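*Asks:* Residue numbers for the sequence shown follow our numbering, beginning at -5 and rising by one. Glycine included, C-beta positions come from ideal geometry on N, C-alpha and C. Bear in mind that the values here come from a model prediction, so they are computed numbers and not experimental data. The structure is given below, and queries will be raised subsequently.
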Amino acid sequence: MSTISDAPHDSRMPRKAVTAATIGTALEWFDFTLYGAMSATILPKLFFPAMEPTAGLLASLATFGVGLAARPLGAITCGYLGDKLGRRNLMLATVTMMGLASVLMGLLPTYGQVGIWAPILLVLLRIIQGFALGGESTGAQLMALEHASPDRRGRYSGMLGLCSPLSQILANGVLMGLAATLSSEQFESFGWRIPFLMSFVLVIVAIFIRLKVDETPAFVALKKAPLKQEKSPLTSAVSSHYKTILRLMLFFCSPAALFYLIVIFSLSYLTKHLGFSQSTGFMSLMVANLCAIFGALAGGYLSDRWGRKKALALGSCMTLLILFVYFPILNTLNVPAIMAIMGLFLGFTQFQSGIQPVAFAEAFPTQVRYSGSALAYTGANLVIGGPMPMIAVWLMSQSNNSPWPLVTLCAVINLISLAMIITGRETRGIDLNAVAEDDTVEARATTLLSK
């Protein structure tokens, strides 16, 4: 194994890196989240009015899934380029792409104006958004964690895990504000466009912040190491690390599925099945996401104290238990109880997502870290995360609105995820900067932290 690069490093750079990664990713998730919330409410009427209500909702949620389906392509492309060219420049490109797609989405004509071209253009922009987010999610994580000291990686990981719930709060807060100040007719006419058009300002802010961050020490060390790299990073990741990719993908299927079940399907369930107003639905999601922020931070912190496996197993067991009481409590129509159970459910789901960045980063060597992590992360979202809202709608329609088939499916996914956590290797203390011809986890293991 070659030694770690000991070039002087700005002591402030880790904080700059995690700040840039967190803010930039939160802004990208803000754009992506806006569509998720609207796909369950206003967009079926504007872009799929010719369909009956359930079919229109399914079609709208399908366009949400298209964005997630495009994420693996973004992950593969940006993963390859990030492992070859570095993390920093890719982060500037992805945030720009996401912002421009969102601005154009805010300018889209509706079905009533241009007919079938409206949903076609909507799908194309969703593909661009998904591509950008596919490259962004993993790249931002690596930019922060490869700058972090070994004993603080979990805490930084937790900060990255709060990006999604923070964006949910911002997006739903904006939508609640618009709903409170505009009539239904005004919101349907132009109000829904305003948050998308705001993306222009957000992109400028994100680019400015990321320009101040250096390339990561791990990638710099890799470029200085005299290794022979006969395969491309993507080929090497798939051929040499396919078992790790598959295990991590199966682990993350549960947090991904439960996340979209709560933030997308639950909004539709509350408003369309239980008869709550959109403002009540948005407020419930805001409370849940506030709990999720604390959950992500707690998960990252405890993973530094207990190790990644123990902390992940705790989060997985808690989501499994909550799953069986979630819909019965929603069906009580008691708003405080609904907010509490949504907060607990999303909190423990994001508890795991707060550990995911560091668990994935530590599982791969530098030369394939971007590619391997991105494939596992986006693969989980493609397999079950994106389709979950549609699966939930279909299962409810086939079971006479009974949630138990859906609960059973999610429980099976959760148990598979827990099995992947238990069978995985503890990685706390792995040297992320080490470069080795033998690129296994064992070759990079150090005694920086007690196991």
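Less than 6 angstroms between C-beta atoms, sequence neighbours within five positions excluded: which residues of the same chain meet that for Ala142?
*Replies:* Pro8, Tyr150
*Asks:* DSSP state of Gly18, grouped into three classes?
*Replies:* helix
*Asks:* Assign Ile110 to one of three DSSP states: helix, strand, or coil.
*Replies:* coil
*Asks:* Does DSSP classify Val207 as helix, strand or coil?
*Replies:* coil
*Asks:* Kindly indicate which three-state DSSP category Ile349 falls into: helix, strand or coil?
*Replies:* The answer is coil: DSSP assigns Ile349 none of H, G, I, E or B.
*Asks:* Quick one: what's got a C-beta closer than 6 angstroms to Gly366's C-beta in the same chain, skipping five residues either side?
*Replies:* Ala231, His235, Ile239, Phe358
*Asks:* Taking three-plus beta-carbon pairs below 8 angstroms as touching, is the segment 304 to 317 in contact with the segment 409 to 425?
*Replies:* A contact exists between the segment 304 to 317 and the segment 409 to 425.
*Asks:* If you follow the alpha helix (DSSP H) that Phe259 is part of, which residue opens it and which one closes it?
*Replies:* Taken as a continuous stretch (DSSP letters only), Phe259 belongs to no alpha helix (DSSP H), as it is neither H nor E.
*Asks:* On the DSSP letters alone, give me the boundaries of the alpha helix (DSSP H) that Pro359 sits inside.
*Replies:* Segment: none, Pro359 is in no alpha helix (DSSP H) and carries neither H nor E.
*Asks:* Any chance the segment 361 to 381 sits against the segment 161 to 173, with 3 or more Cβ pairs inside 8 angstroms?
*Replies:* no
*Asks:* Is the beta carbon of Val362 closer than 7 angstroms to that of Pro159?
*Replies:* no
*Asks:* Pull up the distance between the alpha-carbon of Gln123 and that of Thr265, whole angstroms please.
*Replies:* Each residue's Cα considered, the two are about 27 angstroms apart.
*Asks:* Can you tell me whether DSSP reads Ala142 as helix, strand or coil?
*Replies:* In the structure shown, Ala142 sits in coil (DSSP, three-state: anything other than H, G, I, E or B).
*Asks:* Quick check on Met192: does DSSP put it in helix, strand or coil?
*Replies:* coil
*Asks:* Once you ignore the five residues that flank Leu205 on each side, which residues in its own chain have a CB closer than 8 angstroms to its CB?
*Replies:* Leu86
*Asks:* If we count the other Cβ atoms within 10 Å of its Cβ and call it buried at 16 or more, is Ile163 buried or exposed?
*Replies:* Buried, since its Cβ has 16 or more Cβ neighbours within 10 Å.
*Asks:* So, under 8 angstroms CB-CB, Ala126 and Gly68 are touching, yes? Tell me the CB distance rounded to an integer number of Å.
*Replies:* 6 angstroms
*Asks:* Give a yes or no on contact between the segment 334 to 345 and the segment 108 to 122, applying the rule of three or more CB pairs nearer than 8 angstroms.
*Replies:* no
*Asks:* Could you check where the alpha helix (DSSP H) with Val281 kicks off and where it finishes?
*Replies:* 272 to 300
*Asks:* Using the rule of at least 16 other Cβ atoms within 10 Å of the residue's Cβ for burial, across every protein chain shown, is Lys23 buried or exposed?
*Replies:* For the record, residue 23 in the displayed sequence is Trp; it is not Lys. Burial is judged here by how many other beta carbons sit within 10 angstroms of a residue's own beta carbon; Trp23 has at least 16 and is buried.
*Asks:* Of the residues Thr274, Leu376, Asn283, which one's Cα is nearest the Cα of Pro330?
*Replies:* Thr274
*Asks:* For Gly18, which residues of its own chain have a beta-carbon under 7 angstroms away from its beta-carbon, when the five flanking residues on both sides are left out?
*Replies:* Met85, Val89, Ala134, Ala200, Ile203, Arg204
*Asks:* Assign Phe184 to one of two classes, buried (16 or more other C-beta atoms within 10 Å of its C-beta) or exposed (fewer than that).
*Replies:* exposed
*Asks:* What first and last residue would you give for the alpha helix (DSSP H) that runs through Tyr74?
*Replies:* 65 to 79
*Asks:* Going by CA-CA distance only, name the one from Gln344, Lys217, Val60 that's closest to Phe246.
*Replies:* For the residues Gln344, Lys217, Val60, the minimum Cα distance to Phe246 belongs to Gln344.
*Asks:* Rounded to the nearest angstrom, what separates Met137 and Val197 at their Cα positions?
*Replies:* Distance between the alpha carbons of Met137 and Val197 is about 18 angstroms.
*Asks:* What is the rounded straight-line gap between the Cα of Pro66 and the Cα of Ala374?
*Replies:* 10 angstroms
*Asks:* If we ignore side chains and look at the alpha-carbon of each, how far apart do Ile416 and Glu209 end up?
*Replies:* Distance between the alpha carbons of Ile416 and Glu209 is about 34 angstroms.
*Asks:* Quick one: Cα of Lys445 to Cα of Ser391, how far?
*Replies:* Low local confidence applies: a pLDDT of 39 at Lys445 is under 50, so the model's placement there is unreliable, and no value is given.
*Asks:* Which residues in the same chain as Ala439 place their Cβ atom closer than 8 angstroms to its Cβ, once the five residues preceding and following it in sequence are excluded?
*Replies:* Residue confidence for Ala439 is low, a pLDDT of 46 falling below 50, so the modelled location carries little weight and cannot support an answer.
*Asks:* Based on Cα-Cα distance, which residue from Ala353, Thr229, Thr104, Ile323 lies nearest to Ala305?
*Replies:* Ala353
*Asks:* Classify Thr229 as buried or exposed, calling it buried when 16 or more other Cβ atoms lie within 10 Å of its own Cβ.
*Replies:* exposed
*Asks:* Evaluate Ser271 with the Cβ neighbour count: other Cβ atoms within 10 Å of its Cβ, from every protein chain shown; 16 or more gives buried, anything less gives exposed.
*Replies:* exposed
*Asks:* Once DSSP output is grouped into helix, strand and coil, what is the label at Arg241?
*Replies:* helix
*Asks:* Helix, strand or coil for Arg6? Go by DSSP, reduced to three states.
*Replies:* coil
*Asks:* Starting from Trp388, follow the alpha helix (DSSP H) in both directions and report where the run begins and ends.
*Replies:* Run containing Trp388: 382 to 392, per the alpha helix (DSSP H) assignment.
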